[in-house]
Amino acid sequence: MLTSPRHLIFFEAAARLGSFTRAADELNVQQPAVSAAIRQMEESLGVKLFLRAHRSVRLTPAGERLFSDVSVALERILASARAVHQRGQNDHVTLSVSTAFANYWMVPRLEAFHDANPGIDLRLQTSDRDPDLDAEDISLGIRRGYGEWPDCESVLIAPEVIYPIASPRVMAAAVNLTTVPNLLHERLIHLEEPIRERPTWKDWFAHHKIQDQAPKAGLRLNDYALVLQAAMAGEGFAFGWRHVTRQLIAQGLLAAKTEWAWRTGAGYYLVWSKRVPMIPQAEKVRDWLVTQAETGGETEG
């Protein structure tokens, strides 16, 4: 069997880089040390792990199997080390969300959050993509999807429910808006995010069995917070994601055709790493967010 766990580090680097020399450079040792470690592993295991060429090496089938398991195990060790470091060095909780979720869902609840959780340093991080929680040391995030991610645990914050919204003035002026097809004649605001996949007006009209006419061209924006600002300013009709716009509608800043709601089957989920243990502060933030969603009616279908 293996004579030293240190040999696994040498093996992983050589397999990943395809070179004993490059592995030695990365590990800050001499190349003969890597070669000797691999040779001792092969002798103790009784199999060849690498096929040697003049300036490179490649894995044998046995080596590939071992590399698959070793790389996963080392990544788990690294994730645990990050968690230990976070526990020792940081007491803040990072929540990664979209700009719109931060502005219109989270910020209005911050006073209540701090009242319920004094002393917790919550840091909102906005992003136009779904970040890698482990690699970027992010405690919690909000993702659109169906609740299944290989790297994350998740809990539903809000089902995806979409209906047309506009400023009260624009909504009142649309006197012929008695049926869905008539919305095709109104000025539309389109969300075109560069990275995240989101439903479009074309998808919404198709759900309502309108596929033979293209949605009217209009203002196109790449951030949903900008879409909401444009809608409130009277620029036209926009998508209203219910969990984000509910309070704006209640405040009279927007009006909605809620009877035309589309329940897509997707949802917005609070996610956290499967590999990195949560610090206690993050557990409190997670539980508080779930309670807010439940008491606010966000998790209703």
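Oh and the sequence shown: position 127 is 125 in the working numbering, straight run, nothing missing. Backbone N, C-alpha and C fix where the C-beta goes; we use that ideal spot for every residue, glycine too.
- Rounded separation between G295 and E158 - CA only: 13 angstroms
- Nearest residue (CA-CA) to R50, options F65, E62, F18: F18
- Item | Beta-carbon proximity list for A11, same chain, < 7 angstroms, skipping 5 on both sides | A21, E24, L25
- Touch check for the region 240 to 252 and the region 179 to 190: three-plus C-beta pairs under 8 angstroms? no
- Message: Closer than 8 angstroms is the cut-off here; do at least three beta carbon pairs connect the region 109 to 124 with the region 161 to 169?
- Response: no
- Task: Note down, in chain order, each residue of its chain lying with its Cβ closer than 7 angstroms to the Cβ of E40, except the 5 sequence neighbours on either side.
- Result: K46, L47
- Message: If I follow the unbroken beta strand (DSSP E) through P157, where does it start and stop?
- Response: 150 to 164
- Using the Cα positions of Q279 and H90, report the straight-line distance between them to the nearest angstrom. 7 angstroms
- Message: Would F300 and L186 qualify as a contact pair, given that the criterion is a beta-carbon distance under 7 angstroms?
- Response: The requested residue 300 is not part of the displayed model; the chain covers only -1 to 299.
- Item | Chain-order list of residues whose beta-carbon lies under 7 angstroms from that of Q290 (same chain, five-residue window excluded) | R107
- Query: Relative to the C-alpha of L217, which residue among W199, A229, H188, W239 is closest?
  - Reply: H188
- Item | Short Cβ contact (7 angstroms threshold) for A100 with L122 | yes
- Item | Continuous beta strand (DSSP E) stretch holding S33: start and end | Not the beta strand (DSSP E): S33 falls in the alpha helix (DSSP H), residues 29 to 43.
- Query: T293: which of G232, H241, C150 sits nearest, CA to CA?
  - Reply: H241
- Beta-bridge pairing of H9 - partner residues as DSSP gives them: Note on identity: in this sequence residue 9 is Phe, with His being the wrong assignment. In DSSP, F9 forms no bridge with anything.
- Item | Assigned exposure category for Q74 - 16 Cβ within 10 Å defines buried | The sequence given here has Arg at residue 74, not Gln. Burial call: exposed.
- Alpha-carbon to alpha-carbon, T262 and Q312: Residue 312 lies beyond the stretch modelled for the chain, which goes from -1 to 299, so this question has no answer here.
- Item | Near the ligand NAP: I208 beta-carbon under 6 angstroms from a heavy atom | This structure does not include the ligand NAP; it has no bound ligands of any sort.
- Query: By how many angstroms is the C-alpha of Q227 removed from the C-alpha of R196?
  - Reply: 18 angstroms
- Beta-carbon proximity list for K200, same chain, < 8 angstroms, skipping 5 on both sides: A212, P213
- Considering only residues of the region 173 to 210, which uninterrupted alpha helix (DSSP H) runs meet the minimum length of 4 residues and lie entirely inside it, listed in chain order? 199 to 205
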